[in-house]
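Participant: Residue numbers (our numbering), protein chains in the order written: chain A, 778 to 1141; chain B, 2 to 316.
Positions of the beta carbon are idealized from the N, C-alpha and C atoms, including for glycine.
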C-alpha cells in the first residue's frame, strides 16, 4: 500500500515541479485577492455626500449643521435653497443623504423638534450605516442642547476583541478561509478530471491500484498546498494588515487541517461527477459560491431564513470561519472550539469517504 | 475458472449505451500465446469490447473470462494479469521516460530487485537508450507508443490488450511495433490487438472482423480470404467508377471502388469477365483491363460487412 502511495506522491510532486506556472498560479492570485479584500472589503462608511436644506436659519440649526461639517463621515455637497433642489440631488445621485431643517426647528427644540432626513436607499447597507452615524450626531447635539438639566443616558461602549471596531479585523480571518476554500476545491476538482481527459486515468484504472491509494495520492499534495496557502495568507494578514493573532497556533493548525480535508473531500466529490474540465468548472461554480455566501463571511447566519440556515451546518467554511475569528481575535482554544472542530472532522470524514466510494475503477 | 488453455473467453458479450448497442452478443475464444487482431471500422465496438475485457466497462449482458477470472465478478484479479494500452496516448507527458516507467512499475508493484532489469528491457525494447531522462512530450510518436507498450508490460502480464496501438504512427514505426508484438508472443504472451489498418491483420495468427458491434468472421487471414468471398475476384479498370458500381448491381456478388479501380466478386452462376465488359460498354462506359486478383482482407471485409454500401473507412 505504502509503495503505491509513494509512487503516486512522487508523480504528483514531479508534475507540480515541472509546471513552471504552478508556483505563480498558487501564490500570486492569493496575495492579490488578499490585498483587494483587505483594502476593499469594509462596511465603514466615510464621506457620505450630504445635501442640507436649512429653512430655520437659526443659531441652533447652524450649530447642528456644523456638527456634520466637523466629522469626516459626511461631506456636505450642497446647501440647498428649496425642497426641489434636495429631490434633484438625491435623484441624480449627487447626494446620498439630505437633511431638511424645517422653519421653527429652534423654537420647538425643548418640546421635541423634528428633523427630516431623506436617504437614498438603493444601497440599503450604506444607507443604514449612514443613518446610524447620523443619529449619533443628532443625539450628541440634543444632549448638548438640553444641557445639564436634561435627562440623558450616555452609552459607554467597550467592544471586546476588536476595540477599534476595525472591519479589517473581522474580514481578514474570513478571507483566509474563503480563499483557501476556493483554491483547494478547484485544484482538486480539476486534478482528477484532467487525468480523465488526457487518458492517464484509464491507464491507472486498469492497474490493480486501490481507490483509496489513488485518492490519497491525489489528496496529500493538495493538503500540503492548502496548508501553505493558509500559512502564507495568515502571515500576510498579520504582518501587512496588522490583524492581531491572540490564540494558539496549534488550535489554528488543527482547524486548518480538518477544514482542508473537508474541502479536499468536496473537490474530489465534484470531480467524480464530472467527465470534462468544463463540467468540473460549472459544478465548481455551482457549489463554491453558495459555500461562500452561506458561511457567515459577510452575511450573518442568524439572519438567514431557517431552511438556508440548515445548509450552513454542512458547510465546512462556516465552522472554519468561527475557528479562525476565535483564534485570531478572541484567543480561545480547544475548550471553546471543540464543537466546531468536531463538526469539521465529521464533514471531512463524510466527504472523503463518499469520494472514495464514488471513485469506481470503471468508465461506466 | 474456464478452460485452462484459453486466455480469453467471451460468451454473448453485449454492451448497450442508452439506446445504442455498441457490442452485440459477441463470442470469442483466444488460446494462450495467440496474437489476435481485432479489425473493424471506427465505432465498430472494438474499444468497447477491449474495455469490457479489461474490467473498465461492465457488460450489459453476457460473460467474459480473462486469465480464468470473471471480468465482472473479479476485475481486480483480471487486472493483475493483464497489460493494457488504451487508444488515447496515456503516459504522463510532463514526466521523463524513466519517471513514467518507475511510476507504472510502482503501481503494479514490480519487485524492487527486478525493477532495474525490467526497466532496462523496456527502454531497449522501445529503442530509448540514452533518452531515459527526456520528457515524454518531446518524444516522437513511434517512441511514445513503444514506451507505452513498455509501461504496459513492466509487470510481465500473460495477456495484453492493445487498443489501436499504431494509429497515427508512421509506417516504419508501425512495422517495428509489430516486431515487438511478435517477440512478446513468442515468449507466450497472449495479445488481442485492435487496429483499423487492414495490412496489419496479416501479422496476426487470427483475426476477428467486427462491424456494428457484431463479430462477422473469425479465422486466420488465409482462411478468411478463401472462405468468405464467395466467388472469384476481378479488378476492373473503368470510368466513371461510381456509375459502374451501380451498373453492376445485381449482376455480381459484390462491386466496390478500390483506389482508382473497381473490385468485383463474380457470381459463379452469373456473367464472367467478358460479359461484364460488354455490360459496362453497353452503358457507355470506358472499360480497360479486367484481370483476376487474389483477394486482400479488405475485399473480404467489404464483402462481409454490408454488400459494399459501407463507407470506405478502412486503410
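Have a look at A:1033, A:922, A:854 and flag the residue whose alpha-carbon is nearest the alpha-carbon of residue 869 of chain A.
Facilitator: Closest by alpha carbon: A:854.
Participant: Look at residue 63 of chain B and residue 13 of chain B and say whether their C-beta atoms are less than 9 angstroms apart.
Facilitator: It is a contact, given that the beta carbons lie within the stated cut-off.
Participant: Report the residue from A:860, A:825, A:835 whose alpha carbon sits nearest the alpha carbon of residue 846 of chain A.
Facilitator: Considering only alpha carbons, the answer is A:825.
Participant: Within 9 angstroms of any Cβ in chain A, is that where the Cβ of residue 268 of chain B sits?
Facilitator: Cβ-Cβ to chain A under 9 angstroms: no for residue 268 of chain B.
Participant: Leaving aside the five residues before and after residue 1131 of chain A along the sequence, list all residues of the same chain whose C-beta is less than 8 angstroms from its C-beta, in chain order.
Facilitator: Cβ within range, chain order: 1042, 1046.
Participant: For residue 772 of chain A, does the count of other Cβ atoms within 10 angstroms reach 16, so buried, or fall short, so exposed?
Facilitator: Because chain A is modelled from 778 through 1141, residue 772 of chain A falls outside the range shown and cannot be assessed.
Participant: Is the region 258-265 of chain B close to the region 231-243 of chain B, with three or more CB pairs under 8 angstroms?
Facilitator: Yes, the region 258-265 of chain B is in contact with the region 231-243 of chain B.
Participant: At a CB-CB cut-off below 7 angstroms, which residues of chain B make contact with residue 786 of chain A?
Facilitator: Chain B residues near residue 786 of chain A: none, gap ~10 angstroms exceeds 7 angstroms.
Participant: Entirely within the region 977-1051 of chain A and at least 4 residues each: give me those alpha helix (DSSP H) ranges in chain order.
Facilitator: If we require 4 residues or more, the alpha helix (DSSP H) runs fully inside the region 977-1051 of chain A come out as 977-982, 988-1016, 1026-1049.
Participant: At the level of alpha carbons, what is the spacing between residue 818 of chain A and residue 1078 of chain A?
Facilitator: Each residue's Cα considered, the two are about 18 angstroms apart.
Participant: Taking residue 211 of chain B as the reference, give the member of B:304, B:80, B:112 with the closest Cα.
Facilitator: Per the Cα distances, B:304.
Participant: Ignoring anything shorter than 3 residues, give me the beta strand (DSSP E) runs that lie fully in the region 782-866 of chain A, in order along the chain.
Facilitator: 825-831, 851-857, all fully within the region 782-866 of chain A.
Participant: Please tell me whether residue 822 of chain A and residue 907 of chain A are closer than 9 angstroms, where the distance is taken between their beta carbons.
Facilitator: Cβ atoms of residue 822 of chain A and residue 907 of chain A: closer than 9 angstroms.
Participant: To be precise: take each residue of the region 111-134 of chain B, compare its Cβ to all Cβ atoms of chain A, and keep it if any distance is under 7 angstroms. Which residues remain?
Facilitator: For the region 111-134 of chain B, which is checked against every Cβ of chain A, not one residue is closer than 7 angstroms.
Participant: Would you tell me roughly how many angstroms separate the C-alpha atoms of residue 225 of chain B and residue 793 of chain A, rounded to the nearest one?
Facilitator: Taking the straight line from one Cα to the other gives about 52 angstroms.
Participant: List, in order along the chain, the chain D residues whose C-beta lies closer than 8 angstroms to that of residue 95 of chain B?
Facilitator: The displayed structure is made up of protein chains A and B, and chain D is not among them.
Participant: Kindly indicate which residue of A:877, A:1064, A:894, A:948 has the alpha-carbon position closest to the one of residue 831 of chain A.
Facilitator: Comparing Cα positions, the closest option is A:877.
Participant: Looking at chain A, is there any beta carbon in it that lies within less than 9 angstroms of the beta carbon of residue 55 of chain B?
Facilitator: With 9 angstroms as the cut-off, residue 55 of chain B counts as an interface residue toward chain A.
Participant: Going by the CB atoms, is the gap between residue 975 of chain A and residue 89 of chain B shorter than 9 angstroms?
Facilitator: Yes, these two residues count as a Cβ contact at 9 angstroms.
Participant: By Cβ distance, which residues of its chain are closer than 7 angstroms to residue 105 of chain B, with the 5 residues on each side in sequence left out?
Facilitator: Only 152, 155 meet the Cβ criterion.
Participant: Return the first residue and the last residue of the alpha helix (DSSP H) that residue 18 of chain B is part of.
Facilitator: Segment 7-18 is the beta strand (DSSP E) holding residue 18 of chain B; no alpha helix (DSSP H) there.
Participant: With 9 angstroms as the threshold, decide whether the Cβ of residue 981 of chain A is near any Cβ in chain B.
Facilitator: By this cut-off, residue 981 of chain A is an interface position.
Participant: Taking Cβ-Cβ distances shorter than 9 angstroms, what residues in chain A pair up with residue 319 of chain B?
Facilitator: In the structure displayed, chain B extends from 2 to 316; residue 319 of chain B sits before or after that span and is not available.
Participant: Per DSSP, what kind of secondary structure is residue 253 of chain B in: helix, strand or coil?
Facilitator: The answer is strand: DSSP assigns residue 253 of chain B an E or B state.
Participant: Which residues does DSSP list as the beta-bridge partners of residue 1103 of chain A?
Facilitator: For residue 1103 of chain A, which the question treats as bridged, DSSP gives no partner whatsoever.
Participant: Have a look at residue 956 of chain A and residue 99 of chain B and give me their C-alpha separation to the nearest angstrom.
Facilitator: If I take the Cα positions, the gap works out to 37 angstroms.
Participant: Residue 1050 of chain A and residue 1135 of chain A: beta carbons closer than 9 angstroms?
Facilitator: Their beta carbons are under 9 angstroms apart, which means residue 1050 of chain A touches residue 1135 of chain A by this criterion.
Participant: Helix, strand or coil for residue 205 of chain B? Go by DSSP, reduced to three states.
Facilitator: If DSSP states are grouped into helix, strand and coil, residue 205 of chain B belongs with coil.
Participant: For chain A, find out if any of its Cβ atoms is closer than 9 angstroms to the Cβ of residue 100 of chain B; answer yes or no.
Facilitator: It does: the Cβ of residue 100 of chain B has a partner Cβ on chain A nearer than 9 angstroms.
Participant: I need the boundaries of the alpha helix (DSSP H) containing residue 239 of chain B, first residue and last residue.
Facilitator: No alpha helix (DSSP H) contains residue 239 of chain B, which is instead part of the beta strand (DSSP E) from 234-240.
Participant: Measuring CA to CA, which of A:807, A:893, A:1033 is closest to residue 1093 of chain A?
Facilitator: When each option's Cα is compared against that of residue 1093 of chain A, the closest is A:1033.
Participant: Kindly indicate if chain B contains any beta-carbon less than 9 angstroms away from that of residue 1002 of chain A.
Facilitator: No, no contact with chain B.
Participant: Find the nearest neighbour of residue 983 of chain A within the set B:245, B:127, B:75, B:259, judged by alpha-carbon distance.
Facilitator: Looking at the Cα atoms, B:75 is the closest of the given residues.
Participant: Do residue 141 of chain B and the ligand FMN come close, with the Cβ less than 8 angstroms from some heavy atom?
Facilitator: In the structure on display, the ligand FMN does not appear, and there are no ligands present to speak of.
Participant: Does the Cβ-Cβ distance between residue 857 of chain A and residue 897 of chain A come in under 9 angstroms?
Facilitator: Their beta carbons are not under 9 angstroms apart, which means residue 857 of chain A does not touch residue 897 of chain A by this criterion.
Participant: Residues in the region 798-819 of chain A with C-beta within 9 angstroms of chain B's C-beta atoms, listed in sequence order?
Facilitator: Hits within the stretch: zero.
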